[in-house]
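S.K.: Just passing along the structure, written as structure tokens.
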Amino acid sequence: MKDIVILAAGDFPRAEAPLKALRGADVRICCDSAAEELVAFGIEPDYITGDFDSISPGFRERYADKLVSDGNQENNDLTKAFNLALTLSPSHITILGATGRREDHTLGNVSLLIDYVRQAPCPVEMLTDHGRFSVILDTATLAADPGQQVSIFAFDNSLKIKSAGLKFPTGDVRFDSLWKASLNEALSSEFTLTLSHPCGVLLFFADHH
């Protein structure tokens with residue numbers, strides 16, 4: 154069982170939490186050009202996947218034994234890396250570098266986290282320089298820091314979520330727009346979200362600064 158980090162080709166992490174995950178991983182999978190940034194940072198990739206169109210020829214030759222080709226054009230590079238991670242007996246999958254640069258890539262990558270959690274046999278989360286994305290699929294009690302900002306995103310107009318332990322009640326929220334349950338706040342060290350039915354719900358826990 155391996156602690157796997159996937160490094161996408163968005164903004165290279167700078168904050169302490171994602172860099173700690175990057176350094177401590179058992180296996181590091183890079184999406185295309187993220188491999189060159191990782192090497193420049195002083196860490197070697199274990200695998201590089203994608204279409205390799207943004208990697209220099211010299212780098213491709215140097216790391217030819219690390220390249221894992223995936224010709225499925227239906228999947229983006231992050232999904233190709235995730236599918237590779239599933240074949241490596243993961244105990245935990247952490248995604249870094251999935252945000253920043255192009256906003257359409259950011260939105261696509263973050264929304265894919267729900268699909269990944271449904272597929273994976275282990276925990277999957279996404280760290281950024283500003284916090285952490287995670288997913289629940291049904292009613293759950295979650296740890297938080299008192300006063301920590303928490304945003305809730307769902308893509309199901311029929312879903313109702315009752316909350317306990319958050320500053321602003323969510324029971325009357327209709328999840329028909331992304332902002333509807335964003336910028337809430339944990340009142341203590343945990344809070345509970347009770348879902349009206351099983352559903353993928355995306356959570357963002359903001360880091361304290």
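Each number in this note's numbering corresponds to the 1-based position in the sequence shown with 153 added. Positions of the beta carbon are idealized from the N, C-alpha and C atoms, including for glycine. Being a predicted model, the structure only gives us computed values, none of them experimental.
Comparing alpha-carbon positions, which option in 249, 223 and 250 lies nearest residue 237?
M.R.: Walking along the sequence shown from the start, residue 237 turns up at place 84. Out of 249, 223 and 250, 223 has the C-alpha closest to the C-alpha of residue 237.
S.K.: Using the Cβ count rule (16 or more neighbours within 10 Å means buried), how would you classify residue 335?
M.R.: Reading the sequence shown from its first residue, position 182 is the one you call residue 335. The residue is exposed, with fewer than 16 neighbouring Cβ atoms inside 10 Å.
S.K.: Measuring straight from C-alpha to C-alpha, what distance separates residue 170 and residue 346?
M.R.: Here the question's residue 170 lines up with position 17 in the sequence shown. Here the question's residue 346 lines up with position 193 in the sequence shown. Roughly 25 angstroms between the two C-alpha positions.
S.K.: Any idea what DSSP makes of residue 258, helix, strand or coil?
M.R.: The residue you call residue 258 lines up with position 105 of the sequence shown. Note: residue 258 maps to helix in three-state DSSP.
S.K.: Could you check the C-alpha separation between residue 182 and residue 191 for me, to the nearest Å?
M.R.: Within the sequence shown, residue 182 is the residue found at index 29, counting from 1. Within the sequence shown, residue 191 is the residue found at index 38, counting from 1. Straight-line Cα distance between these residues: approximately 10 angstroms.
S.K.: Got a sec? Which residues, its chain only, sit under 8 angstroms from residue 156 by beta carbon, not counting five neighbours each side?
M.R.: Mapped onto the sequence shown, residue 156 falls at position 3. Contacts found: 177, 178, 179, 180, 243, 244, 245 and 247.
S.K.: Which whole-angstrom value describes the C-beta separation of residue 160 and residue 187, a residue pair presumed to lie in contact below a C-beta threshold of 8 angstroms?
M.R.: Here residue 160 refers to the residue found at position 7 when the sequence shown is read from its first residue. Here residue 187 refers to the residue found at position 34 when the sequence shown is read from its first residue. With 8 angstroms as the limit, residue 160 and residue 187 qualify as a contact, their Cβ atoms being about 4 angstroms apart.
S.K.: Less than 7 angstroms between C-beta atoms, sequence neighbours within five positions excluded: which residues of the same chain meet that for residue 349?
M.R.: Residue 349 sits at position 196 when you count from the first residue of the sequence shown. Once the five neighbours on either side are set aside, the close Cβ partners of residue 349 are 312 and 313.
S.K.: Can you list, in chain order, the residues of its chain whose CB lies under 6 angstroms from that of residue 291, leaving out five sequence neighbours each side?
M.R.: In the sequence shown, residue 291 corresponds to position 138, counting from 1. So the qualifying residues of the chain are 348 and 351.
S.K.: Considering just the uninterrupted stretch of the alpha helix (DSSP H) at residue 176, what are its terminal residues?
M.R.: Locating residue 176 in the sequence shown gives position 23, counting from the first residue. Residues 169-177.
S.K.: For residue 252, which residues of its own chain have a beta-carbon under 6 angstroms away from its beta-carbon, when the five flanking residues on both sides are left out?
M.R.: In the sequence shown, counting from the first residue as 1, residue 252 sits at position 99. These residues qualify, in order along the chain: 163, 259 and 281.
S.K.: Looking at the secondary structure, which residues open and close the alpha helix (DSSP H) in which residue 230 lies?
M.R.: Along the sequence shown, read from residue 1 onward, the residue named residue 230 stands at position 77. Its alpha helix (DSSP H) spans residues 230-239.
S.K.: Helix, strand or coil, according to DSSP, for residue 216 in the structure here?
M.R.: Sequence index remark: in the sequence shown, residue 216 carries index 63 (1-based). Residue state, collapsed to three classes: coil.
S.K.: Going by DSSP in three states, residue 191 sits in which element: helix, strand or coil?
M.R.: Translated into positions along the sequence shown, residue 191 becomes position 38. The answer is helix: DSSP assigns residue 191 an H, G or I state.
S.K.: Determine the burial state of residue 209: buried for a count of at least 16 other Cβ atoms within 10 Å of its Cβ, exposed for fewer.
M.R.: In the sequence shown, counting from the first residue as 1, residue 209 sits at position 56. Looking at its Cβ environment, which holds fewer than 16 other Cβ atoms inside 10 Å, residue 209 is exposed.
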